[in-house]
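Visitor:
Written out as structure tokens, the structure reads:
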């Protein structure tokens, strides 16, 4: 089929295919360029400015906002809350998700109902989750205090309890994601592996640590990445449930950024905090990919 | 094994109770809301639902959420389908980098782009319109749609289309009659996830809307009016209404939802 004289026409066909591919991608790329890439560059530019529209202030400031943040106790407190929130809730979600998946795997009846319930918790708008937990945490009429024997803990109003309360709500909402991923992976494991382990006299704990966990390894790594990135940038739940309070104990970087942007109307400073969140997310993704490559897991 | 049954029961309670409690709260008479015990109300009432539906806020919000969600889904799917087909079937230069950028796009924190997008919407005079929300939601839905559909398309052998093209069907007809039917479940998964994310989206909607004209359900719920006391019964009723579409999707179309979730996470 390929005679010598056809090489130019093949090259032309190749070029035409490339052009067609780019034409097909064009609209999507233009949309993403305008709505994601351009704003990302713009926000970096904004973060270098001092912008307070209500005072008519609008000038270039270089790294001024970042210099301010470096010595801003509120920023460091928010960073601490963000990291604490991320590490704790992701750890609890992964552990709980694996346990839930293992428990569901052996279930004959009712696994569909259980799965639907889990998925529903994941699929609810996070604002609904926030309202649901606000009511559950209510000091006098809340189900949680009632279940704890009628004590009157002010969950969302107490600086020591607010962050744990927030983390608990987040774990409830996102544990199902991990559980569903792990459950699907477990279903793909042939039952005879477990039967063989049983014949060899392996106990439940040994079966879990020697067979189940290693087989879940890859999917857990993926869940870890997805959940960490999501937790770092999450906003809705804390904004609606606690608004960052009491006394800033649940104010994450995202809430701080939002308040600077639209409540204090300091567009430059808020954008700088947004850029920090962006950098944090990208840093985690990059470190993760590097770690994967080092382990030779990434193909 | 006792442990497993105990764990499943605990899981069931932890996940069923909060939801059931909210449902019960939405049906409790106003006078019994703040009294606990008893757990169960003396009678069930629809007064909270009536109160919520009598205000125009929630009805409008439901309409806005449906409209924005549906249009976002169509837009992201059309753009995403073209783009994914280009990546999967044509020798686009820089394909690897492009895919990496698209995956990175799914991880972009909204809080970083919300300020420039706000200025953009203001400059285009789009504040408080559906279009602002549709564009903003498309920005985070599109990378996911392209990512999902590229994967699904790569599972369909290109030879099928080429054979049809040899038979004189033409690329477009081959696409219509061969690729599209095979891709349908994948499209359904992508559509479901896009609609769900759009329905749940809060940050953009909270920032770009100002009145009932464009406020979506999560925004209306977050700003739920209470004059002196928090109207817990009405809030519960409103959040039940906000949960209906996710509930329908989870129960009715679970297969596609799980498929979309899994293929989004598993393809690396």
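Protein chains in written order, with the working numbering: chain A, 43 to 341; chain B, 110 to 377. The beta-carbon is built from N, C-alpha and C at its ideal position, and this holds for glycine as well. For clarity, every value in this text was computed on a predicted model and none was experimentally measured.
Exposed or buried, what is residue 234 (chain B) when buried is set at 16 or more other beta-carbons lying within 10 Å of its beta-carbon?
Guide: Classification of residue 234 (chain B): exposed, given that the 10 Å Cβ count is below 16.
Visitor: Compare the C-beta of residue 205 (chain B) with all C-beta atoms of chain A and state if any pair is closer than 9 Å.
Guide: Not closer than 9 Å to any Cβ of chain A, the Cβ of residue 205 (chain B) fails to qualify, so no.
Visitor: So with Cβ pairs under 9 Å, would you call residue 195 (chain B) a contact of chain A?
Guide: Closer than 9 Å: yes.
Visitor: Would you say residue 282 (chain B) lies against chain A (beta-carbon separation less than 9 Å)?
Guide: So, not an interface residue.
Visitor: Consider the Cβ of residue 150 (chain B): report whether some Cβ of chain A lies at a distance smaller than 9 Å.
Guide: Not closer than 9 Å to any Cβ of chain A, the Cβ of residue 150 (chain B) fails to qualify, so no.
Visitor: Using a Cβ-Cβ cut-off of 8 Å (strictly less than) and excluding sequence neighbours within five positions of residue 279 (chain A), which residues of its own chain qualify?
Guide: Cβ within range, chain order: 168, 171, 172, 208, 211, 212, 215.
Visitor: Let me confirm a value: residue 201 (chain A) is counted as buried when at least 16 other C-beta atoms fall within 10 Å, else exposed. Which label applies?
Guide: That one is exposed.
Visitor: Less than 6 Å between C-beta atoms, sequence neighbours within five positions excluded: which residues of the same chain meet that for residue 217 (chain A)?
Guide: Correct list, in chain order: 135, 138, 139.
Visitor: Assuming residue 124 (chain A) contacts residue 294 (chain A) under a Cβ cut-off of 8 Å, what Cβ separation, rounded to an integer in Å, is found between them?
Guide: Contact holds; Cβ gap of about 4 Å.
Visitor: May I have the straight-line CA-CA distance separating residue 252 (chain A) from residue 355 (chain B), to the nearest angstrom?
Guide: C-alpha separation (whole angstroms): 37 Å.
Visitor: Cα-Cα, which of B:176, B:203, B:288 is closest to residue 322 (chain B)?
Guide: For residue 322 (chain B), the nearest C-alpha among the options comes from B:176.
Visitor: Would you mind giving the Cβ-Cβ distance between residue 177 (chain A) and residue 341 (chain B), rounded to the nearest angstrom? I have them listed as a contact below 8 Å.
Guide: Confirmed, about 6 Å.
Visitor: For residue 275 (chain A), which residues in the same chain have their Cβ closer than 7 Å to its Cβ, ignoring the five residues on either side in sequence?
Guide: So the qualifying residues of the chain are 296, 319, 323.
Visitor: Among B:206, B:205, B:259, B:270, which residue has its Cα nearest to the Cα of residue 296 (chain B)?
Guide: Ranking B:206, B:205, B:259, B:270 by Cα distance to residue 296 (chain B) puts B:259 first.
Visitor: Per the contact definition of three or more C-beta pairs closer than 8 Å, is the stretch 216-228 of chain B in contact with the stretch 242-260 of chain B?
Guide: Taking 8 Å as the limit for Cβ pairs, the verdict is that the stretch 216-228 of chain B does touch the stretch 242-260 of chain B.
Visitor: Reducing DSSP to helix, strand and coil, say where residue 143 (chain B) ends up.
Guide: Residue 143 (chain B) falls in the coil class under three-state DSSP.
Visitor: Going by beta carbon distance, what residues of the same chain come within less than 7 Å of residue 85 (chain A), once the five residues before and after it are set aside?
Guide: Cβ neighbours of residue 85 (chain A) beyond the five flanking positions: 313, 316, 317.
Visitor: For chain B, is any of its Cβ atoms less than 9 Å away from the one on residue 319 (chain A)?
Guide: Yes, residue 319 (chain A) counts as interfacial toward chain B.
Visitor: Is the stretch 233-240 of chain A close to the stretch 188-195 of chain A, with three or more CB pairs under 8 Å?
Guide: No contact exists between the stretch 233-240 of chain A and the stretch 188-195 of chain A.
Visitor: I'd like the ranges of any alpha helix (DSSP H) spanning at least 4 consecutive residues and lying wholly in the stretch 192-272 of chain A.
Guide: The stretch 192-272 of chain A contains these whole alpha helix (DSSP H) runs: 204-229, 233-241, 246-249.
Visitor: Measure the alpha-carbon distance for residue 122 (chain A) versus residue 289 (chain A) and round it to whole angstroms.
Guide: Cα-Cα distance, rounded: 14 Å.
Visitor: Taking three-plus beta-carbon pairs below 8 Å as touching, is the stretch 309-328 of chain B in contact with the stretch 262-274 of chain B?
Guide: Not touching, per the Cβ criterion.
Visitor: Rounded C-beta distance between residue 236 (chain B) and residue 319 (chain B)? I'm assuming under 8 Å.
Guide: 6 Å between Cβ atoms; contact.
Visitor: What's the C-alpha gap between residue 52 (chain A) and residue 334 (chain A)?
Guide: Those two C-alpha atoms are separated by around 40 Å.
Visitor: Which residues, in chain order, does the stretch 305-318 of chain B contribute to contact with chain A at a C-beta distance below 7 Å?
Guide: Under the 7 Å Cβ criterion, the stretch 305-318 of chain B contributes 305, 308, 309, 311, 312, 316.
Visitor: Is any beta-carbon of chain A found at less than 9 Å from that of residue 134 (chain B)?
Guide: With 9 Å as the cut-off, residue 134 (chain B) counts as an interface residue toward chain A.
Visitor: Would you mind reading off the limits of the alpha helix (DSSP H) that contains residue 333 (chain B)?
Guide: Neither: residue 333 (chain B) is in no alpha helix (DSSP H) and is coded neither H nor E.
Visitor: Starting from residue 413 (chain B), find everything on chain A with Cβ-Cβ shorter than 7 Å and list it in chain order.
Guide: With chain B running from 110 to 377 in the structure shown, residue 413 (chain B) is simply not present.
Visitor: Taking the straight line between their C-alpha atoms, what separation do you get for residue 332 (chain A) and residue 267 (chain A)?
Guide: Taking the straight line joining both Cα atoms gives about 12 Å.
Visitor: On the DSSP letters alone, give me the boundaries of the alpha helix (DSSP H) that residue 219 (chain B) sits inside.
Guide: Counting along the chain, the alpha helix (DSSP H) containing residue 219 (chain B) begins and ends at 219-232.
Visitor: Going by C-alpha distance, which of B:217, B:188, B:173, B:255 is nearest residue 307 (chain B)?
Guide: For residue 307 (chain B), the nearest C-alpha among the options comes from B:173.
Visitor: Roughly how many angstroms lie between the CA atoms of residue 206 (chain B) and residue 232 (chain B), to the nearest whole one?
Guide: Answer to the nearest angstrom: the Cα atoms are 32 Å apart.
Visitor: Quick one: residues in its chain with C-beta nearer than 8 Å to the C-beta of residue 108 (chain A), no 5 flanking neighbours on either side, listed in chain order?
Guide: Excluding positions up to five away in sequence, the list reads 89, 314.
Visitor: Taking CB distances under 9 Å as the criterion, tell me whether residue 239 (chain B) reaches chain A.
Guide: No, residue 239 (chain B) does not count as interfacial toward chain A.
Visitor: Specify, as a first and last residue, the run of the beta strand (DSSP E) that residue 93 (chain A) falls within.
Guide: From DSSP, the beta strand (DSSP E) with residue 93 (chain A) extends over 91-94.
Visitor: At 4 residues or longer, what runs of the alpha helix (DSSP H) sit wholly inside the stretch 333-370 of chain B?
Guide: Runs found: 341-361.
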